[in-house]
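According to my numbering, the residues represented by the sequence shown are 215 to 669, in order.
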Amino acid sequence: MQTHPLTAVSPVDGRYTGRVAPLRPVFSEYGLIRYRVAVEARWLLALSRESGIVELAPIEGKALEVLESLSNGLALEQAVTVKTIEGTTNHDVKAVEYFLKEQLAPVDPGGRLREFVHFACTSEDINNLAYALMLRDARDQVLEPEMRHLVFRLGEMAERYADLPMLSRTHGQSASPTTLGKEVANLAWRLKRLKQAFLAVEALGKINGAVGNYNAHLAAYPDVDWPNVARDFVESLGLGFNPFTTQIEPHDWIAEYCHALARFNTALLDLCRDFWGYISLGYFRQKAVAGEVGSSTMPHKVNPIDFENAEGNLGIANALLEHFAAKLPISRWQRDLTDSTVLRNIGVALAHTLIACASVMKGLERVEADPERMAADLDQNWEVLGEAIQTAMRRHGLPNPYEQLKALTRGRRITPEQLREFVAGLELPEDTRRRLLAMTPGAYTGLAARLARDL
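Here is the structure:
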């Protein structure tokens, strides 16, 4: 069958192919090969600068040009060549090693330089660094801008609707009023904080041989300070150095990364459900798009599909992220291979997160607050002022204030006239009485507007 988005098994590479395009250079097979080649090339360059390795002179000239080119990028045709070699080796990292040797052959006639490709490395020395760079770049270059735009857009909405009063709902029931801007600010603050926590996770790496002890390194060059060489190299890639590992870097930092992203996703999912609910209540109207269909049978429908789409994708993303966080730090003894296929799927979780962020942004652009609907809801729930009245009664020492308001308001609607009649009969200071008599549900929003603007 012809390869086409319509023939893709996964919707990530099919239906949503356009939305996840920025992740394709990172997490595709081409991306993995590209990062592996870069690590191998940079390791060879690093070895050439180590004075203790006397057989490897500092690399210069055409050989330097080749290695720097491979460090900075890889053409798709070159990645295809690596895969062709893998067809013979049946080993993906060894194929990368042989590819580098082929590339160096024209500029290394004696072959001495080529034998230092993959020097003292186990495959996981290359893999762990490649995945660390992939996860870091995907976060910093792809996800972070989307998260930042999302938080910024919510901040704009918080400012725009800072003064717009809205009935709160605790346990789904009418509660003390707030403003729409303050509720949006709550979500923006959560996402901003969780984004920062995600960005703060340090990507770690190691390059210490077959079981983490520099065995082969020391056998060849016993006088070189290999832990320092390894640290300098890993840190030169912009990664943190993990000095204690088995054959594999233990992936604890990847678990931290996945948990941090899952927490961000959970808050975003909460946003989706809240906005879905506000649309259902009529607090938000959705803009109809010309030519778009909401239902195959009900012509009037404008469904909150963007928030629903995001919620579904966030669920998939978090299921995968939780699996990665639980599975990847576990490896039998010095190494088993169960992490290999799991790591190959880690980009899928980030892809579903990216799809969700795009859907939320699209949903936010299509909603507009309905002040009249919100005002009508407030005007039908004067009983929410019972909290204000009983609290003022407490201040001035009136008997059983909570119980009095409970008897007046619990489980039933009351009119403005009933509430004002109750207040008029209370033995309160005149200024307090006037303030309570003038109060309306729409004005009883506390510091919500100020808080929304303080975001």
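Don't be surprised by glycine CBs; every beta carbon is placed ideally from N, CA and C. Note that the structure is predicted; figures quoted are calculated from it, not measured.
Check whether residue i and residue j have beta carbons under 8 angstroms apart
i           : j           : result
residue 574 : residue 534 : no
residue 352 : residue 495 : no
residue 531 : residue 486 : no
residue 284 : residue 314 : yes
residue 368 : residue 413 : no
residue 600 : residue 623 : yes
residue 421 : residue 389 : no
residue 577 : residue 521 : yes
residue 346 : residue 288 : no
residue 568 : residue 364 : no
residue 430 : residue 334 : yes
residue 582 : residue 634 : no
residue 542 : residue 465 : yes
residue 296 : residue 321 : no
residue 290 : residue 244 : yes
Cα-Cα separation between residue i and residue j, rounded to whole angstroms
i           : j           : result
residue 463 : residue 336 : 12 angstroms
residue 179 : residue 411 : Since the displayed the chain opens at 215 and closes at 669, residue 179 lies outside it and no answer follows.
residue 241 : residue 539 : 18 angstroms
residue 650 : residue 616 : 16 angstroms
residue 476 : residue 666 : 26 angstroms
residue 392 : residue 371 : 15 angstroms
residue 253 : residue 344 : 7 angstroms
residue 482 : residue 472 : 15 angstroms
residue 306 : residue 467 : 24 angstroms
residue 376 : residue 497 : 14 angstroms
residue 319 : residue 325 : 7 angstroms
residue 310 : residue 439 : 27 angstroms
residue 469 : residue 233 : 25 angstroms
residue 272 : residue 436 : 20 angstroms
residue 308 : residue 300 : 8 angstroms
residue 229 : residue 527 : 13 angstroms
residue 360 : residue 489 : 19 angstroms
residue 450 : residue 265 : 17 angstroms
Which listed residue (the options) has its alpha carbon closest to that of residue i
i           : options               : result
residue 506 : 669, 257, 580 and 264 : 580
residue 458 : 486, 477, 475 and 428 : 428
residue 328 : 425, 262 and 352      : 262
residue 648 : 301, 314 and 638      : 638
residue 366 : 380, 390, 340 and 409 : 409
residue 592 : 564, 631 and 658      : 658
residue 206 : 348, 330 and 423      : The structure shown does not extend to residue 206, since the chain is modelled only from 215 through 669, so no value can be given for it.
residue 607 : 643, 583 and 341      : 643
residue 404 : 474, 355, 418 and 430 : 474
residue 628 : 598, 618, 652 and 220 : 598
residue 664 : 374, 548 and 469      : 374
residue 378 : 397, 595, 280 and 272 : 397
residue 605 : 490, 544 and 646      : 646
Beta-ladder partner(s) of residue i, from DSSP
i           : result
residue 382 : 389
residue 317 : Answer is none; residue 317 lacks a bridge partner.
residue 455 : 419
As assigned by DSSP and simplified to three states, the class of residue i
i           : result
residue 500 : strand
residue 581 : strand
residue 262 : helix
residue 548 : coil
residue 472 : helix
residue 646 : helix
residue 465 : coil
residue 289 : coil
residue 681 : Residue 681 is absent from the structure shown; the chain starts at 215 and stops at 669.
residue 506 : coil
residue 227 : coil
residue 244 : helix
residue 613 : coil
residue 426 : coil
residue 443 : helix
residue 678 : The structure shown does not extend to residue 678, since the chain is modelled only from 215 to 669, so the question has no answer here.
residue 630 : helix
residue 342 : helix
residue 624 : coil
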